[in-house]
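Step one of this worksheet: look at the structure below.
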Amino acid sequence: MSADGKIATTKSHFSRFGSPRDEANLFRIRSTVDGIMSGATTISKERATLTLKSHPKQRANRPAPLRIIVTSKGSVPLNAPIFTDLGPPILILTTQSIPETQFQAYQKLTAGIHRSRGKAINWKAAVKWLHQKWKIERLLCEGGGKLNQSLLKSNLVDELNLTICPVVVGGTNASTIADGEAFPSLNDCSKWKIVSRKQSSQECFLRFIPVSYTH
């Protein structure tokens, strides 16, 4: 993210301002997980495929991480690269807001779909499904901001990796690391502590865990 907490220049444009080392760090983290998850907007605008393109030797005999799309209304196009490029199986987390025709089309392109009742993802049920049915022990979420915040508010994040980049983006409508519904007060906020800090050139790599983390 930028020095002022932004992850894009505006809500309508995807912006990559991290260095090659930051990208390498992302792929290193990907190599340690069982599933990689991202929201519909991020996947569509970044044209992300959520594949493991680096550090294959670190996987040893483990299968490549499953790819997980979060789309409450089924807004990811059927011709998006994540569906057309070769890669590990795809799972979708969605809701009853998705049109039935889109749901059926996704069924043909994916290994499994979890549909929450109502208009919002039931995160505890969805994570339980990923764990029990798909054996996902360690799940990486790559945003965007609304997805990040929904997981934070559900108290389902036990590690936060941030790269602070030397740029100030500004702008009221520029996406942040945690968009969506805010915590009502400072007392209710998600609280963290730094457990790792590294600087490389002009970037700072930080790893946080929750203050209440006891594992």
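Each number in my numbering comes from the position in the sequence shown (counting from 1) with 1464 added on.
The C-beta atom is built at its ideal place from N, Cα and C for all residues, glycine as well.
Between residue 1577 and residue 1566, what straight-line distance do the alpha-carbon atoms span, to the nearest angstrom? Translated into the one-based positions of the sequence shown, residue 1577 becomes position 113. Translated into the one-based positions of the sequence shown, residue 1566 becomes position 102. Their backbone Cα atoms lie some 12 Å apart in a straight line.
I need the DSSP call for residue 1657, collapsed to helix, strand or coil. Counted from its first residue, the sequence shown places residue 1657 at position 193. Strand at residue 1657.
Please go through the same chain and pick out, in chain order, the residues whose beta-carbon is closer than 6 Å to the beta-carbon of residue 1474, but skip the five residues on each side of it. In the sequence shown, residue 1474 corresponds to position 10, counting from 1. For residue 1474, where only same-chain residues beyond five positions count, the Cβ hits under 6 Å are 1637, 1638.
Please report the distance separating the alpha-carbon of residue 1674 from that of residue 1647. Here residue 1674 is taken as the residue at index 210 of the sequence shown, counted from 1. Here residue 1647 is taken as the residue at index 183 of the sequence shown, counted from 1. Roughly 16 Å between the two C-alpha positions.
Helix or strand or just coil, what does DSSP make of residue 1662? Within the sequence shown, the letter at position 198 stands for residue 1662. Residue 1662 falls in the strand class under three-state DSSP.
Can you tell me whether residue 1695 is buried or exposed? The criterion is at least 16 other CB atoms within 10 Å of its CB, across all chains shown. Outside the modelled stretch of the chain, which goes from 1465 to 1679, sits residue 1695, for which no answer is possible.
To the nearest angstrom, how far is it from the Cα of residue 1614 to the Cα of residue 1581? By one-based count along the sequence shown, residue 1614 stands at place 150. By one-based count along the sequence shown, residue 1581 stands at place 117. If you take the alpha carbons of residue 1614 and residue 1581, they lie about 16 Å apart.
With which residues is residue 1489 paired in a DSSP beta bridge? Looking up residue 1489 in the sequence shown gives position 25. Answer is none; residue 1489 lacks a bridge partner.
By how many angstroms is the C-alpha of residue 1527 removed from the C-alpha of residue 1491? One-based indexing of the sequence shown puts residue 1491 at position 27. One-based indexing of the sequence shown puts residue 1527 at position 63. Between residue 1491 and residue 1527, the C-alpha separation is close to 15 Å.
Give the range of the alpha helix (DSSP H) segment to which residue 1667 is assigned. The residue you call residue 1667 lines up with position 203 of the sequence shown. That residue, residue 1667, is in no alpha helix (DSSP H); its beta strand (DSSP E) goes 1667-1674.
With a threshold of 16 other CB atoms inside 10 Å of the CB of residue 1650, please say whether the residue is buried or exposed. Indexing the sequence shown from 1 puts residue 1650 at position 186. Per the 10 Å Cβ criterion, exposed.
Which residues bound the beta strand (DSSP E) around residue 1625? Reading the sequence shown from its first residue, position 161 is the one you call residue 1625. Residue 1625 -> beta strand (DSSP E) spans 1624-1628.
Range covered by the alpha helix (DSSP H) that runs through residue 1466: On the sequence shown, residue 1466 is found 2 positions in, with the first residue counted as 1. Per DSSP, residue 1466 belongs to no alpha helix (DSSP H) and is neither H nor E.
Counted within 10 angstroms of its Cβ, other Cβ atoms place residue 1653 as buried (16 or more) or exposed: For the purposes of this step, residue 1653 is identified with residue 189 of the sequence shown, where counting begins at 1. The residue in question, residue 1653, is exposed, as its Cβ has fewer than 16 Cβ neighbours within 10 Å.
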